[in-house]
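A.B. asks: I'd like to ask you about the structure that follows.
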Amino acid sequence: MRISTKGRYALRLMLDLAVNGKDNYISIKNISTRQEISDKYLEQIINQLCKAGFVKSARGANGGYRLSREPKDYTVGMILNVMEGTLSPVPCLDYETNTCPRSNACITLDVWRQIHEAVQNVVDNITLADLVEKYHAEYGDEEIAPCYDQDMKKMLS
1 MRISTKGRYA LRLMLDLAVN GKDNYISIKN ISTRQEISDK YLEQIINQLC KAGFVKSARG
61 ANGGYRLSRE PKDYTVGMIL NVMEGTLSPV PCLDYETNTC PRSNACITLD VWRQIHEAVQ
121 NVVDNITLAD LVEKYHAEYG DEEIAPCYDQ DMKKMLS
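Heads up: the sequence shown begins at 1 in our numbering, then just goes up one per residue.
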């Protein structure tokens with residue numbers, strides 16, 4: 001299973017808003033500069049997050065984006081599920097009712113289910129507030145910088 005670029009960038013964007021936003025709206029341009037992600041690509045991501053009710057927008061000179069709720073109210077799983085649709089390692093677990101014709105005889109189905117449950121358990125038990133706390137412990141009050149794979153591994157360990 002691999003998390004898409006959109007999923008990873010959505011988590012970075014939400015973390016950026018949590019660390020730098022507080023009660024202020026932040027422009028896409030500022031997030032784009034800090035995260036070194038194209039503002040056009042961020043707009044696509046933030047539109048999905050707005051539709052999901054995770055982010056609020058405001059127009060005007062002091063406009064931009066901010067979290068709709070407190071960082072403690074978002075889990076990594078919520079954010080990834082909005083962007084990815086599912087974190088299931090196999091298609092047959094994507095449906096409430098398994099439609100695979102081999103499901104009754106599939107010896108490996110339980111393995112895939114356990115993998116899915118383990119991953120979901122991890123991402124559902126890490127909140128955005130947890131990541132903000134780890135960020136501040138590591139970097140103090142610095143504005144959040146780009147979160148490359150090594151940095152994310154360090155923050156989540």
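Each residue gets a CB set at the ideal place from its N, CA and C atoms; glycine is no exception. It should be emphasised that the depicted structure is a prediction, and the values quoted were computed from it without experimental measurement.
Cα-Cα, which of 23, 19, 56, 8 is closest to residue 139?
C.D. replies: Residue 139 has its Cα closest to that of 19, out of 23, 19, 56, 8.
A.B. asks: Rank 69, 122, 4 by C-alpha distance to the C-alpha of residue 17 and give the top, closest one.
C.D. replies: Ranking the options by Cα distance to residue 17, first place goes to 69.
A.B. asks: Are residue 113 and residue 93 closer than 9 Å when you measure CB to CB?
C.D. replies: Cβ distance < 9 Å, so residue 113 and residue 93 count as in contact.
A.B. asks: Given that a residue counts as buried once 16 or more other Cβ atoms are within 10 Å of its Cβ, and exposed if not, what is residue 35?
C.D. replies: So residue 35 counts as buried.
A.B. asks: In angstroms, rounded to a whole number, what distance separates the CA positions of residue 73 and residue 10?
C.D. replies: If I take the Cα positions, the gap works out to 16 Å.
A.B. asks: Counting C-beta neighbours from all protein chains within 10 Å, is the total for residue 91 16 or more, i.e. buried, or is it exposed?
C.D. replies: Exposed, because fewer than 16 other Cβ atoms sit within 10 Å of the Cβ of residue 91.
A.B. asks: Among 49, 56, 63, which residue has its Cα nearest to the Cα of residue 76?
C.D. replies: Of 49, 56, 63, the residue nearest in Cα terms is 49.
A.B. asks: Where residue 46 and residue 6 are concerned, what is the direct C-alpha to C-alpha distance, given to the nearest angstrom?
C.D. replies: Their Cα atoms are separated by approximately 10 Å.
A.B. asks: Tell me the residue span of the beta strand (DSSP E) that contains residue 55.
C.D. replies: 55–58 is the extent of the beta strand (DSSP E) around residue 55.
A.B. asks: Could you give the DSSP three-state label for residue 86: helix, strand or coil?
C.D. replies: Coil at residue 86, not helix or strand.
A.B. asks: Going by beta carbon distance, what residues of the same chain come within less than 7 Å of residue 31, once the five residues before and after it are set aside?
C.D. replies: Here the set comprises 13, 16, 42.
A.B. asks: Hey, residue 4 and residue 83 are a contact pair by Cβ (cut 8 Å); roughly how many whole angstroms apart?
C.D. replies: That pair is a contact at about 7 Å.
A.B. asks: Hey, residue 65 and residue 51: beta-carbon distance below 9 Å or not?
C.D. replies: Taking 9 Å as the Cβ cut-off, residue 65 and residue 51 do not qualify as a contacting pair.
A.B. asks: Distance, Cα to Cα, residue 109 vs residue 99?
C.D. replies: Going from the Cα of residue 109 to the Cα of residue 99 covers about 12 Å.
A.B. asks: Considering just the uninterrupted stretch of the alpha helix (DSSP H) at residue 113, what are its terminal residues?
C.D. replies: Here the alpha helix (DSSP H) through residue 113 covers 109–124.
A.B. asks: Leaving out five residues before and five after residue 58 in sequence, what residues of the same chain have Cβ atoms less than 7 Å from its Cβ?
C.D. replies: Within the same chain, residue 58 has close Cβ partners 25, 64.
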